[in-house]
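Okay, so here's the structure we're looking at.
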Amino acid sequence: TPTDTATPTSTPTETATPTSTATNTPTPTTIVTITTPVIPVTGGTPPALVIPVTGGQLIPVTGGNIIVSGLGHSCMTYNNGQVICWGLNASGQVGDGTFKDQHKPVYVKDLEGVLNLTAGSKHTCALLIDDEIWCWGENSSGQLGNGSNVNSNVPVKVIDLPEKVLSITAGEEFTCAQLINQDVWCWGKNNFGQLNDGTTTNQSKPVKSKLDTMLAQISGGQGLLLGSDFLGSVNQWAKVQAAAVKQLADSLSISANRWGNTGCAVTSDGSVKCWGSNLISAPIKDALPAMEVGAGLAHSCDINTDETVSCWGVNVSGQLGNGTYDDSPSATLVKNLNTVHTLAVGANHTCTLNGTSNIAMCWGENIYGQLGNDSTINSNMPVYVTLPALQ
9 TPTDTATPTS TPTETATPTS TATNTPTPTT IVTITTPVIP VTGGTPPALV IPVTGGQLIP
69 VTGGNIIVSG LGHSCMTYNN GQVICWGLNA SGQVGDGTFK DQHKPVYVKD LEGVLNLTAG
129 SKHTCALLID DEIWCWGENS SGQLGNGSNV NSNVPVKVID LPEKVLSITA GEEFTCAQLI
189 NQDVWCWGKN NFGQLNDGTT TNQSKPVKSK LDTMLAQISG GQGLLLGSDF LGSVNQWAKV
249 QAAAVKQLAD SLSISANRWG NTGCAVTSDG SVKCWGSNLI SAPIKDALPA MEVGAGLAHS
309 CDINTDETVS CWGVNVSGQL GNGTYDDSPS ATLVKNLNTV HTLAVGANHT CTLNGTSNIA
369 MCWGENIYGQ LGNDSTINSN MPVYVTLPAL Q
């Protein structure tokens, strides 16, 4: 097991005070078609099949296929290329044009054609079908990539990327994009050299990372960029220096902790391994064969090959989802979850998309409404996210 798993004594708090709101909004693009069953709807009203359940509202025909979580907010693709977000919004990370916390999902303003999402601690970014990246939320370190340091409660365009974008990832206060030519460009906080541009100066516009390895995957952490090469070897990058994660050579899925120096990976045989600052990976006790993993502040979760979810670590807010508030150093199954295909691990909460209809469920800390069930009560078991009407 990892040797330095932190047990937080308190929950990170949001202190950013917005000074102004950026006004540029995305130009509408062709809406990407998400391959999920959708019942035809007229006039933006919700479909007829709406099943009320305890802790939220289940609308099993209008989901998306991507979900991400930050410090106290979550976002998901919805309704064929739009995005909805909920939870902590003091920095504008929900993207609805306000700085008010949202206890159930609201639409991100003027955003369509979304292919991918990523969430930092207090900011969110979307990759659009036209290869543009738009970001919103906290921008104190330039993590929105628009050349300023002003928070924005609506999406702003990342500027000066030279090539088409392959993938995006957000660390705590920085963002990176992997381009189609395999180059990595990053922007935002750089105090530990996590942008890997050879400096420790924050950058409000993208700069090229000076990495000497072609990477298959990247995952933003707190003060580092985690990357795996095409052979599955994993390195942590900072100040253009690669530090190899030991006893890990065949990773398929990687996740950096955005609030600490830990990380996790799933290997080719389905084993789950995590590590701390010593970079020695160790298997998680009682872990089932897995296919995806996510690291939170002091807990982690994975999707098992049987499409269930297991979590381990600190459980003071119910973030393990097993019906208790007891910490667990070994993997424990999340209750009442199956057919899970997408996982989003936030600081102290976790969300999933389940089934062919992409049902959204969350559990854990809920003081900002980050579970999306129109409540601020923590839950130690998954609750349904209250989805909005189509528009």
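To get this note's numbering, take the position in the sequence shown, counting from 1, and add 8. Every residue gets a Cβ at the ideal spot worked out from N, C-alpha and C, and that includes glycine.
Straight-line gap, residue i to residue j (C-alpha atoms, nearest Å)
{"i": "S387", "j": "D109", "result": "18 Å"}
{"i": "I375", "j": "H81", "result": "10 Å"}
{"i": "N362", "j": "T85", "result": "14 Å"}
{"i": "T313", "j": "V274", "result": "11 Å"}
{"i": "Q378", "j": "W94", "result": "6 Å"}
{"i": "Y392", "j": "P113", "result": "12 Å"}
{"i": "D118", "j": "P163", "result": "8 Å"}
{"i": "E181", "j": "Y333", "result": "29 Å"}
{"i": "L232", "j": "L305", "result": "15 Å"}
{"i": "S77", "j": "G380", "result": "11 Å"}
{"i": "G326", "j": "P170", "result": "43 Å"}
For residue j and residue i, believed in contact at Cβ under 8 Å, the rounded distance
{"i": "A352", "j": "G284", "result": "That pair is no contact at about 23 Å."}
{"i": "D382", "j": "H131", "result": "Incorrect: roughly 24 Å between the Cβ atoms, too far for contact."}
{"i": "V317", "j": "T360", "result": "6 Å"}
{"i": "S289", "j": "I262", "result": "Going by Cβ atoms, the distance from S289 to I262 rounds to 11 Å, so no, they are not a contact pair."}
{"i": "T126", "j": "T177", "result": "5 Å"}
{"i": "S236", "j": "Q225", "result": "5 Å"}
{"i": "P390", "j": "V342", "result": "6 Å"}
Closest Cα partner of residue i within the set the options
{"i": "S365", "options": "F238, G240, N346, N269", "result": "N346"}
{"i": "I141", "options": "V158, G128, I167", "result": "I167"}
{"i": "A339", "options": "L328, V348, H349, Y333", "result": "L328"}
{"i": "S308", "options": "W320, V248, V91, D191", "result": "W320"}
{"i": "W144", "options": "A98, G103, G89", "result": "G103"}
{"i": "D335", "options": "N344, L398, N356, Q399", "result": "N356"}
{"i": "F238", "options": "K218, N157, G231, L260", "result": "L260"}
{"i": "E120", "options": "D310, Q190, V91", "result": "V91"}
{"i": "L174", "options": "K281, N161, Q202, N189", "result": "N189"}
{"i": "G89", "options": "N73, T208, D294", "result": "N73"}
{"i": "L96", "options": "L341, G354, V192, Q399", "result": "G354"}
Per-residue DSSP class, three states only, for residue i
{"i": "G64", "result": "Low local confidence applies: a pLDDT of 38 at G64 is under 50, so the model's placement there is unreliable, with the coordinate-based value given in what follows. In the structure shown, G64 sits in a strand (DSSP, three-state: E or B)."}
{"i": "M389", "result": "strand"}
{"i": "W195", "result": "strand"}
{"i": "W94", "result": "strand"}
{"i": "A306", "result": "coil"}
{"i": "F107", "result": "coil"}
{"i": "E171", "result": "coil"}
{"i": "P297", "result": "coil"}
{"i": "N243", "result": "strand"}
{"i": "Q327", "result": "coil"}
{"i": "G179", "result": "coil"}
{"i": "V40", "result": "Its pLDDT being 31, under 50, V40 is placed unreliably in this model, and the value from its coordinates should be taken loosely. Three-state DSSP puts V40 in coil, outside helix and strand."}
For the segment 209 to 216 against the segment 232 to 251, are there 3 or more C-beta pairs whose distance is under 8 Å? Result no; under three Cβ-Cβ pairs closer than 8 Å.
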